[in-house]
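Chemist: The numbers in my numbering rise by one with no breaks, and the one at position 21 of the sequence shown is 148. Backbone N, C-alpha and C fix where the C-beta goes; we use that ideal spot for every residue, glycine too. Got a structure for you, questions after.
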Amino acid sequence: MSAPGESTAHIIQSLVVNLAIAVIKAVAAVLTKSGSMLAEALHSAADCGNQVLLLVGVRGARRPPDAEHPFGYGRDVYFWSFMVALLLFTGGGVFSIYEGVHKIREPEKVEKVWLGLLILAVSIALETAATISNVREINRRRGSKPFMRYLRETKDSDLVVVFGENSAAVLGLAIAMVALFVADLTKDGRWDGIGSLSIGVVLVAVAVFLAVEVKSLLLGEAADPEIEAAARDIARDHANLRRILNIVTVQQGPGEVIVSMKVAFADGLTIEEVCRCINDLEGKLRAKRPEIRWLYVEPDLPRETA
């Protein structure tokens, strides 16, 4: 699991940026009477709430195992990440779509466009900086794995959620800027409504993507295939192990994995020798993959000899 500071630094940074941007956008939305600007203000406000929920999840996931939760609280961060997706869908996406439809049906003249464009430009710069910081953290963790593949396969849901939010924010700001400019250029307030509607569609799409990704982790997703490969490599090189008959891995939380194995041992071993082999296997596997928090090895016979 990532160190405490590393796990929350990118979240806190995004929270500070979004809080500042939300206040600026809200003031601009009142002054310009822009639906796109209001949609973006609500988007940033929703993002602030989302990042607070992620901080709650990350901190909750660090609680040690107890009698009620013997495998710990690692999935707490997955639950709150799923709540973030729901909040982004309803608090950001659906309301922006509603506001967009309202502005298209009852368009209003956009005022002080120069102020809105200036604020949007500053917001894009701030959101881009936050996104770059998030991408750097992703690059640090993904190693040699391709970027998009890492996003699909990573078990660090908080990192994916923040990246999704930041990316949607930059795209939404760009849409709002174009919509505001075109609405002023054509003197047609419906373009502002189209901008708000488009922002809502982007937020809904991102929310659905995040919900699907996090749902799999929340239900109990298999760990990185490299963990199973590491177990099979160690077993193959062990003198007293014939082979692994079955292995099941479960991602219990970011940096926390459960591994259960059925192993066929060499013939003629005593119970004491089997126990030593199991301890040796556990030690080597944990040394190679420290994210394995719980490891269960069960001696068994191949089906053909059982």
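DSSP has residue 241 in a bridge; who is on the other side?
Modeler: Residue 241 sits at position 114 when you count from the first residue of the sequence shown. None, per the DSSP bridge assignment.
Chemist: Please give the ranges of any alpha helix (DSSP H) in the region 162-248, keeping only runs that are unbroken, at least 4 residues long and fully inside the region.
Modeler: Counting only runs of 4 or more, we get 162-188, 203-214 and 222-232.
Chemist: Label residue 274 either buried or exposed according to how many other C-beta atoms from any shown protein chain fall within 10 Å of its C-beta, with 16 as the threshold for buried.
Modeler: Counted from its first residue, the sequence shown places residue 274 at position 147. The residue in question, residue 274, is exposed, as its Cβ has fewer than 16 Cβ neighbours within 10 Å.
Chemist: Taking the alpha helix (DSSP H) that residue 352 falls in, what are its first and last residues?
Modeler: Here residue 352 refers to the residue found at position 225 when the sequence shown is read from its first residue. Run containing residue 352: 352-364, per the alpha helix (DSSP H) assignment.
Chemist: For the region 348-357 against the region 179-192, do three or more pairs of beta-carbon atoms, one drawn from each stretch, fall closer than 8 Å, so that the two count as touching?
Modeler: In short, these stretches do not touch, since the Cβ pair count stays below three.
Chemist: If you draw a straight line from the C-alpha of residue 317 to the C-alpha of residue 375, how long is it?
Modeler: As a first step, residue 317 is located in the sequence shown; it is residue number 190 there, counting from the start. As a first step, residue 375 is located in the sequence shown; it is residue number 248 there, counting from the start. If I take the Cα positions, the gap works out to 55 Å.
Chemist: So residue 211 packs on residue 177, CB below 8 Å; how close in whole Å?
Modeler: Taking the first residue of the sequence shown as 1, we reach residue 211 at position 84. Taking the first residue of the sequence shown as 1, we reach residue 177 at position 50. Yes, they are in contact, since the Cβ atoms of residue 211 and residue 177 sit about 4 Å apart, within 8 Å.
Chemist: Can you tell me which of 241, 402 and 213 puts its alpha carbon nearest to the alpha carbon of residue 336?
Modeler: On the sequence shown, residue 336 is found 209 positions in, with the first residue counted as 1. Cα-wise, what sits closest to residue 336 is 213.
Chemist: What separation, rounded to the nearest whole angstrom, lies between the Cα atoms of residue 79 and residue 202?
Modeler: Coverage of the chain is limited to positions 128 through 433, which leaves residue 79 absent and any answer about it impossible.
Chemist: Three or more beta-carbon pairs under 8 Å between the region 160-176 and the region 315-335, yes or no?
Modeler: They touch, by the three-pair rule.
Chemist: Using alpha carbons as the reference points, say which of 330, 236 and 276 lies closest to residue 215.
Modeler: By 1-based counting over the sequence shown, the position of residue 215 is 88. For the residues 330, 236 and 276, the minimum Cα distance to residue 215 belongs to 330.
Chemist: Taking all protein chains shown into account, decide if residue 430 is buried (16 or more other Cβ within 10 angstroms of its Cβ) or exposed.
Modeler: Within the sequence shown, the letter at position 303 stands for residue 430. Under this definition residue 430 is an exposed residue.
Chemist: Assess, as a yes-or-no matter, whether the region 272-287 is touched by the region 298-309 under the definition of 3 or more beta carbon pairs within less than 8 Å.
Modeler: With the cut-off at 8 Å, the region 298-309 and the region 272-287 do not touch.
Chemist: How do the region 251-258 and the region 353-371 stand: do at least 3 beta-carbon pairs fall below 8 Å, yes or no?
Modeler: The region 251-258 vs the region 353-371: no contact.
Chemist: Rounding to the nearest angstrom, what Cα-Cα distance links residue 197 and residue 425 in this structure?
Modeler: As a position in the sequence shown, residue 197 is number 70, starting the count at 1. As a position in the sequence shown, residue 425 is number 298, starting the count at 1. So the two alpha carbons sit approximately 20 Å from each other.
Chemist: Apply the 10 Å Cβ neighbour rule to residue 383 and answer buried if 16 or more other Cβ atoms are within range, or exposed otherwise.
Modeler: Within the sequence shown, residue 383 is the residue found at index 256, counting from 1. The residue in question, residue 383, is buried, as its Cβ has 16 or more Cβ neighbours within 10 Å.
Chemist: Report the option in 158, 266 and 257 whose CA atom is closest to the CA atom of residue 142.
Modeler: Position 15 of the sequence shown, counted from the first residue, corresponds to residue 142. Ranking 158, 266 and 257 by Cα distance to residue 142 puts 257 first.
Chemist: Below 8 Å between beta carbons: does that hold for residue 409 and residue 299?
Modeler: The sequence position of residue 409 within the sequence shown is 282, counting from 1. The sequence position of residue 299 within the sequence shown is 172, counting from 1. No, the pair does not count as a contact, with Cβ atoms beyond the cut-off.
Chemist: Buried or exposed: where does residue 264 fall if 16 or more other Cβ atoms within 10 Å of its Cβ makes it buried?
Modeler: On the sequence shown, residue 264 is found 137 positions in, with the first residue counted as 1. Answer is buried; the Cβ neighbour count reaches 16.
Chemist: Leaving out five residues on either side along the sequence, give the residues of the same chain with a beta carbon under 6 Å from the beta carbon of residue 325.
Modeler: As a first step, residue 325 must be located in the sequence shown, where it is residue number 198. Only 302 meet the Cβ criterion.
Chemist: Tell me which residues share the same chain as residue 289 and place their Cβ nearer than 8 Å to its Cβ, disregarding the 5 neighbours each side in the sequence.
Modeler: The residue you call residue 289 lines up with position 162 of the sequence shown. Answer for residue 289: 137, 138, 141, 178, 181 and 261, listed in chain order.
Chemist: Going by CA-CA distance only, name the one from 389, 344, 171 and 428 that's closest to residue 144.
Modeler: Position 17 of the sequence shown, counting from 1, holds the residue named residue 144. Comparing Cα-Cα distances from residue 144 to each of 389, 344, 171 and 428, the minimum goes to 171.
Chemist: Just curious, the alpha helix (DSSP H) that residue 296 is in, first and last residue?
Modeler: Along the sequence shown, one-based indexing puts residue 296 at 169. Note, residue 296: alpha helix (DSSP H), 284-313.
Chemist: If you follow the beta strand (DSSP E) that residue 343 is in, where does it begin and where does it stop?
Modeler: Locating residue 343 in the sequence shown gives position 216, where the first residue counts as 1. No beta strand (DSSP E) contains residue 343, which is instead part of the alpha helix (DSSP H) from 317-346.
Chemist: Residue 272 lies in the beta strand (DSSP E); which residues open and close that run?
Modeler: Walking along the sequence shown from the start, residue 272 turns up at place 145. Unbroken run through residue 272: none, as it is neither H nor E.
Chemist: Could you please give the first and the last residue of the uninterrupted beta strand (DSSP E) stretch that includes residue 403?
Modeler: Looking up residue 403 in the sequence shown gives position 276. No beta strand (DSSP E) holds residue 403; the alpha helix (DSSP H) holding it covers 398-415.
Chemist: Within 10 angstroms of its Cβ, does residue 173 collect 16 or more other Cβ (buried), or is it exposed?
Modeler: Counted from its first residue, the sequence shown places residue 173 at position 46. Residue 173 comes out buried.
Chemist: Does the region 223-232 touch the region 361-380, meaning 3 or more C-beta pairs lie closer than 8 Å?
Modeler: Taking 8 Å as the limit for Cβ pairs, the verdict is that the region 223-232 does not touch the region 361-380.
Chemist: Using only alpha-carbon positions, find the residue among 280, 314 and 332 that is nearest to residue 295.
Modeler: Locating residue 295 in the sequence shown gives position 168, counting from the first residue. Taking only the C-alpha atoms, the option nearest residue 295 is 332.
Chemist: Strictly by DSSP, which residues pair up with residue 368?
Modeler: Position 241 of the sequence shown, counted from the start, is the residue given in the question as residue 368. According to DSSP, residue 368 bridges with 392.
Chemist: Taking 8 Å as the limit between beta carbons, can you name the residues of its chain near residue 396, skipping five residues before and five after?
Modeler: Your numbering for residue 396 matches position 269 in the sequence shown. If we look at residue 396 and ignore the five residues flanking it on each side, its Cβ neighbours are 367 and 404.
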